[in-house]
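Each residue of the sequence shown is one higher than the last, beginning at 636 in this note's numbering.
By construction, the Cβ of each residue, glycine as well, lies at the ideal position given by its N, Cα and C atoms.
What follows is a single structure, written as structure tokens, with notes after it.
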Amino acid sequence: MLVYFKPVKNEKNIHIALEIVSELFASKIAKILNLPILDVTLTKFKNSMGLLMDYLPEKADQRISNIAEIRKSLAFEEWILNIDLKEEHVLAKENKGYIIDHGHAISAW
């Protein structure tokens, strides 16, 4: 299994902390709601803190097997105030789509 590590920027900036919290919150809540989202965990790798998740190798298209769930996810994206919602943030693996990138949600900064 391939994973993706998104390192946290090494700055003392409240927006960096909000981005991490937003990613973690969105992942946990969407999982509870059975939405197609990756498990995201905060971890340390090679002396850097960051978010660890499965690697999604392809952009989703209309042929994904869970298009209905992706459509339902749009309401979730609005609810969490994801100001960075765009088509490129729906990726796929093994014909299943996932919503990604929730760092600009919750606080709408």
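If you draw a straight line from the Cα of leucine 720 to the Cα of lysine 681, it is about 31 Å long. Burial state of proline 671 is buried, judged by a 10 Å Cβ sphere holding 16 or more other Cβ atoms. Separation of the CB atoms of leucine 673 and serine 662 is rounded to 7 Å, and the pair is thereby assigned contact status at 8 Å.
Contact check for leucine 691 against alanine 665 fails: the beta carbons are separated by 9 Å or more. Looking at the DSSP output, glycine 732 sits in a beta bridge with Ala727. Looking at the DSSP output, isoleucine 718 shares a beta bridge with no other residue. Per DSSP, serine 683 is one residue of the beta strand (DSSP E) stretching across 683 to 689.
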